[in-house]
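Below: the structure, in structure tokens.
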Amino acid sequence: MTAHAREILDRLVGFRTVSRDPNLDLVDWVEDYLAGYGVASHRVWNAERTKAALYANVGPEVIGGVVLSGHTDVVPVDGQDWSSDPWTVTEREGRLYGRGCADMKGFDALALAAVPLALKSGIRRPLQIALSYDEELGCTGAPPMIAEMARTLPKAGAVVVGEPSTMNLVDGHKGGHGLAIDVRGYEVHSSIMHTGVSAVMLGARLIDWANRVNEENRAKTVTPLAAMFDPSWTTLHVGTIRGGTAGNITAKDCSFDLSFRVVPGEDPEAWLARLDAEIARLNAETRAIRPDAGISRIIKYFVPPLVPDHEGAAEALIRRITGQNSARVVSYGTEAGQFQAEGYSAAVCGPGDIAQAHQPDEWIAVSQFAEGWRFMERLVAELAQ
1052 MTAHAREILD RLVGFRTVSR DPNLDLVDWV EDYLAGYGVA SHRVWNAERT KAALYANVGP
1112 EVIGGVVLSG HTDVVPVDGQ DWSSDPWTVT EREGRLYGRG CADMKGFDAL ALAAVPLALK
1172 SGIRRPLQIA LSYDEELGCT GAPPMIAEMA RTLPKAGAVV VGEPSTMNLV DGHKGGHGLA
1232 IDVRGYEVHS SIMHTGVSAV MLGARLIDWA NRVNEENRAK TVTPLAAMFD PSWTTLHVGT
1292 IRGGTAGNIT AKDCSFDLSF RVVPGEDPEA WLARLDAEIA RLNAETRAIR PDAGISRIIK
1352 YFVPPLVPDH EGAAEALIRR ITGQNSARVV SYGTEAGQFQ AEGYSAAVCG PGDIAQAHQP
1412 DEWIAVSQFA EGWRFMERLV AELAQ
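Taking the working numbering, the leading residue of the sequence shown gets 1052, the next gets one more, and so forth.
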């Protein structure tokens, strides 16, 4: 493990870049760090100018380079039982503990540590750094950054997204929408509930539809592409729900999130259409009782799937560097699908285990961090050829 990369990891973990909060302290530091090596960086702001993505071109401005893509945000530590300060990297028993060590400030630190190595090696193709925000909220911060990179930088030949994969090649993942569902009811005493509308019970009908669709999908004949995933079908999920005033009043309001994880080969828009059809059916019944009651939805995010491309430059690059002869797919989403949708060849390969992400006492193995650095050394050597 390079000491320089470890020092950078210590700094990055120290910035409390929980997705609900600004990330500008970290962005300021990275900008100054890159400037110290004579590398100009560019910010892509959110609408409120409280967060920014940052990208940079290291080395010559020619096509055919490699993007190292990471995100700056982390999930909260609220309510989690940590054995040490989550905002300070703590090493014990061959592990580095701290929020973001695995997901994914470990990769970010390695990518930034590769900058002086790349400059010293006289790379002939550029190393491009891309650090987004709000990945944990549905990969919403990356698309404007990717679009601007495509407009302003020499087109990279490959993108390596460093989500934790234990340094294994991942060439496919699911995609889909995340939605906010809002249900409006009509309050009456629960003894005469037939004259009102319970938003909670109406919302429960849509959730029950999601359960039935999951069972239907599970029973389908699996396509060869879908069979690569676990689970091998498109899933619908509700993680949080809020609503109601009291036990004896029909609920006026109910809200919940609903997400689709769609296997490649299926159309995410078609799944939205199915949802809308069910909402329309439920609304028709409900508005016969109260015309102002019903269900509405807002799209919070869309993450495109990463479709395996065995002939792609990104997969070939990672195979050459790691010596791996096989790839795997995952059911979570990453920004790799967004790069691919913009016309880049993209794949996932990063240090750490996704099983440690978002957990109390999140950690990355020292050996994984060291393997990640060897990857960077080999990548720089390839760019110098």
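Glycine is no exception: its CB is placed at the ideal position from the N, C-alpha and C atoms.
Being a predicted model, the structure only gives us computed values, none of them experimental.
Sequence-distant residues of its chain with Cβ nearer than 7 Å to residue i (five each side left out)
i: Gly-1229; result: Gly-1189, Asp-1308, Ser-1310, Lys-1351 and Tyr-1352
i: Gly-1223; result: Met-1279, Pro-1315, Leu-1357, Val-1358, Pro-1359 and Val-1380
i: Val-1113; result: Arg-1176, Pro-1177 and Pro-1205
i: Asn-1265; result: Thr-1286 and Leu-1287
i: Gly-1089; result: none
i: Ala-1250; result: Val-1234, Arg-1235, Gly-1236, Gly-1294, Ala-1302, Lys-1303, Asp-1304 and Cys-1305
i: Leu-1085; result: Ser-1092, Ala-1107 and Val-1166
Presumed contact (8 Å Cβ cut-off) between residue i and residue j, rounded CB distance
i: Glu-1413; j: Ala-1153; result: 6 Å
i: Ala-1056; j: Trp-1424; result: 6 Å
i: Ala-1165; j: Ile-1059; result: Between Ile-1059 and Ala-1165 the Cβ distance is about 10 Å, and since that is not below 8 Å, they are no contact.
i: Gly-1065; j: Ile-1415; result: Rounded, the Cβ-Cβ distance is 16 Å, inconsistent with contact.
i: Ala-1435; j: Ser-1183; result: Going by Cβ atoms, the distance from Ala-1435 to Ser-1183 rounds to 27 Å, so no, they are not a contact pair.
i: Glu-1354; j: Gly-1384; result: It should be pointed out that residue 1354 corresponds to Val in this sequence rather than to Glu. 4 Å between Cβ atoms; contact.
i: Val-1239; j: Thr-1301; result: 5 Å
i: Asp-1185; j: Asp-1132; result: With a Cβ gap of about 26 Å, Asp-1185 and Asp-1132 do not count as contacting.
i: Gly-1227; j: Pro-1319; result: 6 Å
i: Arg-1341; j: Gly-1247; result: 7 Å
i: Val-1078; j: Val-1126; result: Not confirmed; about 19 Å, so no contact.
i: Trp-1080; j: Arg-1062; result: 6 Å
Simplified DSSP assignment, three categories, for residue i
i: Ala-1349; result: Looking at the sequence shown, residue 1349 is not Ala but Ile. Correct three-state label for Ile-1349: strand.
i: Asp-1437; result: Because residue 1437 is not part of the residues shown, which for the chain are 1052 to 1436, the question remains open.
i: Ile-1405; result: helix
i: Leu-1461; result: For residue 1461 there is no data in the structure shown, the boundaries of the chain being 1052 and 1436.
i: Leu-1204; result: coil
i: Gly-1157; result: helix
i: Leu-1147; result: strand
i: Leu-1276; result: coil
i: Trp-1414; result: strand
i: His-1288; result: strand
i: Arg-1379; result: strand
i: Gly-1192; result: coil
i: Val-1125; result: strand
i: Ile-1114; result: coil
i: Val-1354; result: strand
i: Val-1264; result: helix
i: Arg-1175; result: coil
i: Arg-1341; result: coil
i: Gly-1294; result: strand
i: Val-1313; result: strand
Chain-order list of residues whose beta-carbon lies under 6 Å from that of residue i (same chain, five-residue window excluded)
i: Ile-1405; result: Pro-1215
i: Ile-1369; result: Leu-1220, Ala-1398 and Cys-1400
i: Ser-1306; result: Asp-1233 and Arg-1293
i: Ala-1387; result: Val-1212, Leu-1357, Ala-1397 and Val-1399
i: Tyr-1148; result: Ser-1135, Thr-1141, Asp-1412 and Trp-1414
i: Val-1128; result: Pro-1137 and Arg-1150
i: Ile-1330; result: Ile-1346
i: Met-1289; result: The sequence shown places Val at residue 1289, not Met. Ile-1258, Phe-1307 and Leu-1309, listed in sequence order.
Residue span of the alpha helix (DSSP H) that contains residue i, given as start and end
i: Val-1417; result: 1417-1434
i: Asn-1334; result: 1319-1338
i: Ala-1373; result: Correcting the residue type first, residue 1373 is Thr in the shown sequence and not Ala. Taken as a continuous stretch (DSSP letters only), the alpha helix (DSSP H) holding Thr-1373 covers 1364-1373.
i: Gly-1388; result: 1387-1392
Boundaries (first-last residue) of the beta strand (DSSP E) holding residue i
i: Ala-1398; result: 1397-1399
i: Leu-1178; result: 1178-1183
i: Leu-1119; result: 1117-1122
Sequence-distant residues of its chain with Cβ nearer than 8 Å to residue i (five each side left out)
i: Gly-1256; result: The question names Gly, yet the displayed sequence has Arg at residue 1256. Within the same chain, Arg-1256 has close Cβ partners Leu-1333.
i: Leu-1075; result: Thr-1101, Lys-1102 and Ala-1103
The ligand NAD heavy atom lying under 7 Å from the CB of residue i
i: Leu-1161; result: The ligand NAD is not part of the structure shown, which contains no ligands of any sort.
Below-8 Å beta-carbon distance, residue i vs any chain C residue
i: Ser-1242; result: Structure shown: chain C not included; a single protein chain is present.
Unbroken stretches of the beta strand (DSSP E), 3 residues or longer, contained in the segment 1210-1249:
Runs found: 1221-1224 and 1227-1235.
Scan the segment 1064-1099 and note each continuous alpha helix (DSSP H) run of 4 residues or more that stays entirely inside, going in chain order.
You should have 1075-1086.
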